[in-house]
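**Student:**
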Amino acid sequence: MTAGDATATDAAVRNGTRPAPPTDEVLVACQDAALTFGRGQHAVVAVHGATLRVRAGDRLAIVGSSGSGKTSLLHLLAGLEQPTSGTVAWPALAGPRDTGLVFQSDSLIPALDVVENTALPLVLAGVPEADARDAATAALALVDAAHLAERLPEEISGGQAQRVAAARVLAQAPRLILADEPTGRLDHTTGGRVLDALLTAADRTRAALVVTTHDPAVAGRLATRLTMRDGRLLTAEGAEGTEGAEGAENTAAAAATQETATQETEETS
Ligand SMILES: Nc1ncnc2c1ncn2[C@@H]1O[C@H](COP(=O)(O)OP(=O)(O)OP(=O)(O)O)[C@@H](O)[C@H]1O
Ligand SMILES: [Mg+2]
């Protein structure tokens with residue numbers, strides 16, 4: 001590939017018209033990974049033998065109704081849950097600690113303000129506090145939450161907390177970004193901006209991005225879409241974006257979101 005091609009590709013990647021080219025590096029691999037909660041009569045199979053590989057540069061949406069197992073699968077990918085059977089491995093990473101999970105539910109520490117919450121994983125990883133704070137401040141700006149820096153979690157809205165949770169992951173610049181319904185509590189415009197921030201960060205760091213969502217407009221902006229139903233991962237791995245009526249609708253919604261998004265990105269950069 002020539003330098004000119006690379007520039008065109010980079011621009012297309014930034015504009016969201018083309019996903020970052022995947023590489024062969026497998027960041028996480030699930031082989032028949034299952035997750036069961038409880039035992040016997042009360043056992044709930046949240047994930048039935050899921051097989052999935054996520055490579056650097058992948059942009060993956062996991063859609064499915066409430067209770068279908070999306071969070072459970074993401075927690076397996078993040079190493080927060082051990083598979084009941086099957087395996088989960090991170091071949092190109094030092095381990096699950098190189099992944100960053102944007103939690104679906106409240107995950108901020110009540111006694112720390114927003115910037116301290118955002119910086120915490122970096123501080124725990126040994127980054128000097130001033131540097132961690134700078135990275136946190138920059139990440140908060142990416143999700144339009146810089147003005148919340150000094151507030152406590154109880155002093156911000158649910159949607160704002162969700163944006164802070166996204167910033168906390170962006171500040172770490174992980175190779176594998178796992179975002180559990182990161183726009184679930186956000187309006188369309190704000191959700192679009194958060195998704196922009198995740199996509200931009202993933203492009204910059206050549207990370208992979210996996211997003212669970214109910215929103216077709218969100219799913220439509222990711223190159224690959226998989227569906228979970230009753231704990232089963234339905235679409236074959238590596239399948240490209242869906243074709244046909246549903247796909248066309250997703251693309252249109254994505255284009256509409258992208259227009260706003262591109263403008264906003266240009267304003268802030
Ligand atoms: N800690 C747990 N203990 C027992 N059952 C659980 C636990 N966590 C999840 N489940 C069950 O596992 C199944 C999958 O749940 P999961 O949270 O993965 O779904 P989801 O697709 O993320 O749903 P939502 O869209 O509502 O977030 C559900 O039946 C749920 O009740
Ligand atoms: Mg969930």
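Using full-length UniProt numbering, you'd call the opening residue of the sequence shown number 1 and step up by one each time.
For each residue, glycine too, the CB sits at the ideal point set by N, CA and C.
With which residues is residue 177 paired in a DSSP beta bridge?
**Tutor:** BP columns for residue 177 point to 100, 209.
**Student:** Would you say the beta carbon of residue 215 comes nearer than 8 Å to a heavy atom of ligand 1?
**Tutor:** False, no ligand heavy atom lies under 8 Å from that Cβ.
**Student:** Any residue with its Cβ nearer than 5 Å to a heavy atom of ligand 1 should be included. What is that list in chain order?
**Tutor:** Answer in sequence order: 37, 44, 46, 66, 67, 68, 69, 70, 71, 72.
**Student:** If we ignore side chains and look at the alpha-carbon of each, how far apart do residue 113 and residue 41 end up?
**Tutor:** Going by the C-alpha atoms only, they are around 43 Å apart.
**Student:** Alpha carbon to alpha carbon, how far is residue 234 from residue 91?
**Tutor:** Taking the straight line from one Cα to the other gives about 24 Å.
**Student:** Is there at least one non-hydrogen atom of ligand 2 closer than 8 Å to the beta-carbon of residue 212?
**Tutor:** Flag set: Cβ of residue 212 near ligand 2.
**Student:** Would you kindly work out how many angstroms separate the C-alpha atoms of residue 150 and residue 137, rounded to a whole number?
**Tutor:** Roughly 11 Å between the two C-alpha positions.
**Student:** Starting from residue 65, trace the alpha helix (DSSP H) both ways and give me its first and last residue.
**Tutor:** First-last for residue 65: undefined, no H or E at that position.
**Student:** Span of the alpha helix (DSSP H) holding residue 163?
**Tutor:** It spans 158-172 - the alpha helix (DSSP H) in which residue 163 sits, taken as one unbroken run.
**Student:** If the criterion is Cβ atoms closer than 9 Å, does the pair residue 222 and residue 209 meet it?
**Tutor:** Yes; because the gap between Cβ atoms is below 9 Å, this pair is in contact.
**Student:** From residue 117 to residue 108, what distance separates their C-alpha atoms?
**Tutor:** The alpha-carbon atoms of residue 117 and residue 108 are separated by roughly 6 Å.
**Student:** Give the range of the alpha helix (DSSP H) segment to which residue 133 is assigned.
**Tutor:** Its alpha helix (DSSP H) spans residues 129-142.
**Student:** Measuring only the C-alpha atoms, how far is residue 32 from residue 154?
**Tutor:** Between residue 32 and residue 154, the C-alpha separation is close to 40 Å.
**Student:** Whose C-beta lies closer than 6 Å to the C-beta of residue 168 among residues of the same chain, with five residues either side of it excluded?
**Tutor:** Excluding positions up to five away in sequence, the list reads 118.
**Student:** Are the CB atoms of residue 30 and residue 55 within a distance shorter than 9 Å?
**Tutor:** Contact flag unset, no.
**Student:** Verify whether the separation of the beta carbon atoms of residue 104 and residue 180 is less than 9 Å.
**Tutor:** In this structure, residue 180 lies closer than 9 Å to residue 104 by Cβ.
**Student:** Can you tell me which of 204, 97, 187 puts its alpha carbon nearest to the alpha carbon of residue 217?
**Tutor:** For residue 217, the nearest C-alpha among the options comes from 187.
**Student:** Give the DSSP-derived three-state secondary structure of residue 214 in the structure shown.
**Tutor:** In the structure shown, residue 214 sits in coil (DSSP, three-state: anything other than H, G, I, E or B).
**Student:** Quick check on residue 27: does DSSP put it in helix, strand or coil?
**Tutor:** Reduced to three states, the DSSP call for residue 27 is strand.
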